[in-house]
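Participant: For the sequence shown, the working numbering assigns the number 1 to the initial residue and increments by one for each residue that follows.
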Amino acid sequence: MAGILVNSILLPPQPPILLPVSSSSRTRSIRRTLIMVKSSSKPSESPASLSTKPEVVFTAPPGFKPPEPQRFAVKPGKLFDVLGAAIGLLFRFGTGVFVSGYSASFVSKDEVSSDQYAFRLGGITVKENSKLGPRPEKPIEIYEFEGCPFCRKVREMVAVLDLDILYYPCPRGSPNFRPKVNQMGGKQQFPYMVDPNTGVSMYESDGIIKYLAEKYGDGTVPLSLTLGPLTAVTAGFAMIGRMGKGNLYTPAKLPPKPLVFWAYEGSPFCKLVREVLVELELPHIQRSCARGSPKRHELFNKAGHFQVPYLEDPNTGVNMFESAEIIEYLKQTYAA
């Protein structure tokens with residue numbers, strides 16, 4: 001099955017790249033067991049630049065105007081893309097749609113203040129809440145790619161815990177971050193996590209999931225993420241509708257600052273955008289906002305509306321909704 005096996009072929013030597021990661025001890029172990037390394041130096045700071053090359057000035061495409069958000073709208077010709085991206089919800093039992101401790105109640109619309117997000121459908125108003133663990137001071141860094149089922153497992157846990165993650169996409173054939181994983185940890189295996197808050201770096205999806213649950217949750221891992229090989233198999237089946245997408249590198253220009261992407265794993269619209277972010281190897285801070293996330297209120301106040309995906313590009317100043325238009329914007333702005 002495409003996308004199930006992680007590519008382990010080393011790429012040719014690449015030029016050194018300045019990256020905001022913690023230093024870690026290298027391991028030569030070939031056992032496929034959990035690898036955890038305590039950093040011997042101070043955790044890394046947030047990136048000021050992602051490349052040592054002279055900074056390229058990025059601008060929005062000529063005549064570009066952010067589209068108006070349209071709730072539940074699908075652009076003509078994109079219906080099958082959305083349906084293919086939504087198949088994963090069935091195979092993964094909706095994991096990544098709800099934040100830990102999710103609860104909902106029906107309330108009068110007058111019980112929700114004007115600066116608070118609430119789900120409304122017709123005359124029904126639903127107020128959503130959650131119970132979250134400690135919040136990391138700095139975004140956790142994860143090296144991964146969209147077409148990897150083991151990476152999907154970790155992204156689902158990220159959504160459950162409502163964590164903000166600095167993702168470094170590592171599609172096959174990419175020149176920057178995939179080789180860097182081998183340099184940091186000793187092998188090209190994904191996902192690879194670096195937590196600058198604790199100095200911990202590690203491979204192995206199950207180990208990363210357990211670590212995140214214990215450090216930033218109440219230690220509980222959803223049942224759908226504890227089924228061993230069955231979890232990986234269903235995560236692989238979840239990609240059938242978009243087989244091959246988010247796997248291979250498309251030549252692109254590396255931006256000096258990571259993009260900010262408001263999204264969550266269970267949304268098919270968000271998945272379509274993430275495929276392109278990964279293929280173009282665009283680093284991005286994902287502001288997780290699954291159902292019950294307090295960040296839904298934050299985006300509601302910021303943009304005057306809640307809808308995901310929502311993209312903020314500090315390199316051009318563009319902020320925008322609508323998945324199909326975001327995809328076109330990314331290709332026009334960053335594809336080489």
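Glycine included, each C-beta is placed from N, C-alpha and C at the ideal position. Every value quoted in this text rests on a predicted model; they were computed, and no experiment measured them.
Taking the straight line between their C-alpha atoms, what separation do you get for E68 and A213?
Facilitator: As a first step, residue 68 must be located in the sequence shown, where it is residue number 68. As a first step, residue 213 must be located in the sequence shown, where it is residue number 213. Roughly 37 angstroms between the two C-alpha positions.
Participant: Of all the options T125, L89, F300 and P283, which has the alpha carbon lying nearest to the alpha carbon of D313?
Facilitator: The count along the sequence shown starts at 1 and reaches residue 313 at position 313. For D313, the nearest C-alpha among the options comes from P283.
Participant: DSSP three-state label for V74, please.
Facilitator: Within the sequence shown, the letter at position 74 stands for residue 74. Looking at V74 - three-state DSSP - the assignment turns out to be coil, as it is neither helix nor strand.
Participant: Would you mind working out which of G94, A303, G123 and V200 sits nearest W262, comparing C-alpha positions?
Facilitator: In the sequence shown, the residue the question calls residue 262 occupies position 262. Per the Cα distances, A303.
Participant: Three or more C-beta pairs closer than 8 angstroms, one from the segment 146-161 and one from the segment 224-236: is that the case here?
Facilitator: With the cut-off at 8 angstroms, the segment 146-161 and the segment 224-236 touch.
Participant: For A252 versus L280, is the C-beta spacing smaller than 8 angstroms?
Facilitator: For the purposes of this step, residue 252 is identified with residue 252 of the sequence shown, where counting begins at 1. For the purposes of this step, residue 280 is identified with residue 280 of the sequence shown, where counting begins at 1. In contact: A252 and L280 (Cβ atoms closer than 8 angstroms).
Participant: Quick check on L166: buried or exposed, where buried means 16 or more other Cβ atoms within 10 Å of its Cβ?
Facilitator: Translated into positions along the sequence shown, residue 166 becomes position 166. L166 is buried by the Cβ-count criterion.
Participant: For R152, name the three-state secondary structure that DSSP assigns.
Facilitator: Taking the first residue of the sequence shown as position 1, residue 152 is located at position 152. If DSSP states are grouped into helix, strand and coil, R152 belongs with the helices.
Participant: Using three-state DSSP, classify N319 as helix, strand or coil.
Facilitator: In the sequence shown, counting from the first residue as 1, residue 319 sits at position 319. In this structure, N319 counts as strand in the three-state DSSP scheme.
Participant: Alpha carbon to alpha carbon, what distance is there between R291 and V106?
Facilitator: Translated into positions along the sequence shown, residue 106 becomes position 106. Translated into positions along the sequence shown, residue 291 becomes position 291. One detail in the question is off: residue 106 reads as Phe in this sequence, not Val. Between F106 and R291, the C-alpha separation is close to 15 angstroms.
Participant: Given this structure, state the Cα-to-Cα distance separating K210 from F321, to the nearest angstrom.
Facilitator: Your numbering for residue 210 matches position 210 in the sequence shown. Your numbering for residue 321 matches position 321 in the sequence shown. Going from the Cα of K210 to the Cα of F321 covers about 33 angstroms.
Participant: Run the CB neighbour count on V154, radius 10 Å, all protein chains shown included, and call it buried at 16 or more, exposed below.
Facilitator: Here residue 154 is taken as the residue at index 154 of the sequence shown, counted from 1. Buried, because 16 or more other Cβ atoms sit within 10 Å of the Cβ of V154.
Participant: Kindly confirm or deny that the segment 83-90 and the segment 239-246 touch, where touching means at least three C-beta pairs closer than 8 angstroms.
Facilitator: Segments in contact, yes.
Participant: Pull the bridge partners of K127 from the DSSP assignment, please.
Facilitator: Position 127 of the sequence shown, counted from the start, is the residue given in the question as residue 127. Its beta-bridge partners are S105.
Participant: Going by Cα to Cα distance, which pick from Y334, A335 and Y329 is closest to G63?
Facilitator: By 1-based counting over the sequence shown, the position of residue 63 is 63. The shortest Cα separation from G63 among Y334, A335 and Y329 belongs to Y329.
Participant: I need the straight-line Cα distance from L311 to F119, nearest angstrom please.
Facilitator: The residue given as residue 311 occupies position 311 in the sequence shown. The residue given as residue 119 occupies position 119 in the sequence shown. Cα to Cα, L311 sits roughly 21 angstroms from F119.
Participant: Just list the residues that DSSP pairs I371 with in beta bridges.
Facilitator: No answer is possible for residue 371: the residues shown for the chain start at 1 and end at 336.
Participant: For R178, which of T220, Y249, L223 and L161 has the nearest alpha-carbon?
Facilitator: By one-based count along the sequence shown, residue 178 stands at place 178. Selected option, being the one with the closest Cα: Y249.
Participant: Quick one: what's got a C-beta closer than 7 angstroms to G217's C-beta in the same chain, skipping five residues either side?
Facilitator: Numbered from 1 along the sequence shown, position 217 holds the residue referred to as residue 217. Correct list, in chain order: S100, G133 and L161.
Participant: If you compare alpha carbons, which of F306, D81, R71 and V56 is closest to I327?
Facilitator: Taking the first residue of the sequence shown as position 1, residue 327 is located at position 327. Here the closest residue by C-alpha is D81.
Participant: Let's test the definition: count the other Cβ atoms within 10 Å of the Cβ of I124 and tell me whether it reaches 16, buried, or not, exposed.
Facilitator: If you number the sequence shown from 1, residue 124 lands on position 124. I124 should be labelled exposed.
Participant: Quick check: the Cα distance between G246 and Y168, rounded to an integer number of angstroms?
Facilitator: Residue numbering aside, residue 246 sits at position 246 when the sequence shown is read from its first letter. Residue numbering aside, residue 168 sits at position 168 when the sequence shown is read from its first letter. Roughly 13 angstroms between the two C-alpha positions.
Participant: Within its chain, find whatever has a CB closer than 7 angstroms to the CB of F93; leave out the 5 residues flanking it on each side and keep chain order.
Facilitator: Looking up residue 93 in the sequence shown gives position 93. Excluding positions up to five away in sequence, the list reads S224.
Participant: Check this for me: beta carbons of A343 and K127, under 8 angstroms apart or not?
Facilitator: Outside the shown range of the chain, which is 1 to 336, sits residue 343, and nothing can be said about it.
Participant: Pull up the distance between the alpha-carbon of T59 and that of G266, whole angstroms please.
Facilitator: Locating residue 59 in the sequence shown gives position 59, counting from the first residue. Locating residue 266 in the sequence shown gives position 266, counting from the first residue. Between T59 and G266, the C-alpha separation is close to 31 angstroms.
Participant: Quick check on this structure: which residue in Q70, G186 and P229 has the alpha carbon closest to the alpha carbon of D344?
Facilitator: Because the chain spans 1 through 336 in this model, residue 344 falls outside it and cannot be assessed.
Participant: Looking at the structure shown, is F248 part of a helix, part of a strand, or coil, going by DSSP?
Facilitator: For this step, residue 248 is matched to residue 248 along the sequence shown. Sequence inspection shows Leu at residue 248; the Phe mentioned does not correspond to that position. Three-state result, L248: strand.
Participant: Given that a residue counts as buried once 16 or more other Cβ atoms are within 10 Å of its Cβ, and exposed if not, what is P61?
Facilitator: As a working note, residue 61 is residue 61 in the sequence shown. Counting Cβ neighbours within 10 Å, P61 comes out exposed, since fewer than 16 surround it.
Participant: Going by C-alpha to C-alpha distance, which of S293, T316 and N315 sits closest to F306?
Facilitator: Along the sequence shown, read from residue 1 onward, the residue named residue 306 stands at position 306. That would be S293, whose Cα lies nearest to the Cα of F306.
Participant: State the CB to CB distance for the pair D141 and M193, rounded to an integer number of angstroms; the pair is presumed to be in contact (CB under 8 angstroms).
Facilitator: Residue mapping note: residue 141 aligns to position 141 of the sequence shown, counting from 1. Residue mapping note: residue 193 aligns to position 193 of the sequence shown, counting from 1. According to the sequence provided, residue 141 is Glu. The question's Asp does not apply to it. Yes, E141 and M193 are in contact; Cβ-Cβ is about 7 angstroms, under 8 angstroms.
Participant: Less than 8 angstroms separating the beta-carbons of N315 and P255?
Facilitator: The count along the sequence shown starts at 1 and reaches residue 315 at position 315. The count along the sequence shown starts at 1 and reaches residue 255 at position 255. Their beta carbons are under 8 angstroms apart, which means N315 touches P255 by this criterion.
Participant: Can you give me the Cβ contacts of R172 inside the same chain, cut-off strictly under 7 angstroms, excluding the 5 residues immediately before and after it?
Facilitator: Numbered from 1 along the sequence shown, position 172 holds the residue referred to as residue 172. Excluding sequence neighbours, R172 sits near N7, N247, L248 and Y249.
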